[in-house]
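Asks: When you line the sequence shown up against our numbering, it's residues 1 to 220, in that order.
Every residue, glycine too, gets a C-beta built ideally from N, C-alpha and C.
Keep in mind it's a predicted model, so treat the numbers as computed, not measured.
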Amino acid sequence: MLTTGAIFLASPCLAQATTRMCDVSEQAGPACLLSHKHLPKLPAGPLYWHLDEFRSKADAERSAVQTSSVVESFGSIWLFTLERAAWRPRAGRHVSTIGPLPVKAARTYSAEYLRSVFLPGATAPLHVHSGPEAFYALGGDTCLETPAGVQIGRGNGNSLVIQAGPPMLLMAIGRSERRGFALILHDAEQPPTTLTQAWQPSGLCARELANDQAKAAPGK
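(1) For Ala85, which residues of its own chain have a beta-carbon under 8 angstroms away from its beta-carbon, when the five flanking residues on both sides are left out?
(2) Can you tell me which residues form a DSSP beta bridge with Ser176?
(3) Jot down the residue ranges of each uninterrupted beta strand (DSSP E) in the segment 144-194, minimum 3 residues, whole runs only, in chain order.
(4) Please check the pair Thr142 and Arg175, which I expect to be a contact at CB under 8 angstroms, by giving their CB distance rounded to whole angstroms.
(5) Provide the residue span of the alpha helix (DSSP H) that contains Arg207, from first to last.
(6) As a quick exercise: from Arg93, Asp59, Leu34, pick the residue whose alpha carbon is nearest that of Glu53.
(7) Between the alpha carbons of His202 and Ile184, how many angstroms are there, rounded?
(8) Which ranges would you report for the beta strand (DSSP E) in the segment 41-124 if only whole runs of at least 3 residues count?
(9) Please identify the residue among Cys22, Trp87, Ser25 whose C-alpha is closest to the C-alpha of His50.
(10) Are the segment 21-41 and the segment 116-128 touching by the rule of at least three beta carbon pairs closer than 8 angstroms?
(11) What does DSSP give as the partner residue(s) for Ser25 in the beta ladder?
(12) Would DSSP call Glu134 helix, strand or coil?
(13) Going by DSSP in three states, Ala10 sits in which element: helix, strand or coil?
(14) Using 9 angstroms as the threshold, is the C-beta distance between Ser35 and Val70 below it?
(15) Which same chain residues, not among the five before or five after Leu126, have their C-beta less than 8 angstroms away from its C-beta?
(16) So what's Pro30 in DSSP terms, helix, strand or just coil?
(17) Helix or strand or just coil, what does DSSP make of Thr196?
(18) Under 8 angstroms by Cβ, that's how I've got Ala182 and Gly140 pegged, so tell me the actual separation to the nearest angstrom.
(19) Where DSSP assigns a beta bridge to Gly139, which residues make up the other side?
Listed below in structure tokens is the structure:
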């Protein structure tokens, strides 16, 4: 269990966007890159991130479309697809639809899919993105702080979306490890992520974590 003092001393993980490819280890630590996909164009209309689970890679690949990526993580085969809200693959188990994604016009796009396992209190360094970022947590709780305030996701399957531009702090809160994915959908001519120190969080996520830890204390 983290103490209140440890909340501010916890070492941050590396930036959410990274060129370090994921390996078979799924231990708590920095985020890693599951897949990078170049997208010459996107489907027309409001865009959503679809997450579907399959029993085999071959099954997932048969259901993939031009905006799909097939990855293996957390003991499953996943099909990540950018499409309209009503889209569904031909097979598999539909897990979540996240969006709409606030995408700005660009000549071409890139999708970065990340995996992370964070213990409560772990964060990424302060950063900004050149496109929207979406988060999906299979387990654990999520806190996202920006200059506009805070977003909280609780429980298995929680998701959050943030538009391009504002600096952000992502923190795992709650009382158990957070296992999840992230999507950065950005202008292919721009870097997906830039670290920044131009803004400092006001501690909103740290307070959420402190409250969670206090509830877990004996006698609470």
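Replies: Looking at the atomic coordinates:
(1) Counting only Cβ-Cβ distances below 8 angstroms, and skipping sequence neighbours, we find Pro46, Tyr48, Thr97, Gly99, Pro100.
(2) Looking at the DSSP assignment, Ser176 forms no beta bridge with any residue, so it has no partner.
(3) 149-153, 158-162, 169-173, 178-187
(4) 13 angstroms between Cβ atoms; not a contact.
(5) 204-216
(6) Check the Cα spacing between Glu53 and each of Arg93, Asp59, Leu34: the tightest is with Arg93.
(7) In the sequence on display, residue 202 carries Ser and not His. Rounded to whole angstroms, Ser202 to Ile184 spans 24 angstroms at the Cα level.
(8) 48-54, 68-73, 76-83, 93-98, 109-118
(9) Trp87
(10) By the C-beta criterion, the segment 21-41 is judged to be in contact with the segment 116-128, since at least 3 inter-stretch pairs fall below 8 angstroms.
(11) Looking at the DSSP assignment, Ser25 forms no beta bridge with any residue, so it has no partner.
(12) Here residue 134 is Ala; the residue named in the question, Glu, does not match the sequence. In this structure, Ala134 counts as strand in the three-state DSSP scheme.
(13) Confidence at Ala10 is low in this model, with a pLDDT of 36, below 50, so its placement is unreliable and the value that follows should be read with caution. When DSSP states are grouped into helix, strand and coil, Ala10 belongs to the coil group.
(14) The answer is yes: Cβ separation under 9 angstroms.
(15) Pro167, Met168, Leu169, Leu195, Thr196, Gln197, Trp199, Gln200, Pro201
(16) Pro30: strand per DSSP, three-state reduction.
(17) coil
(18) That pair is no contact at about 13 angstroms.
(19) Arg179
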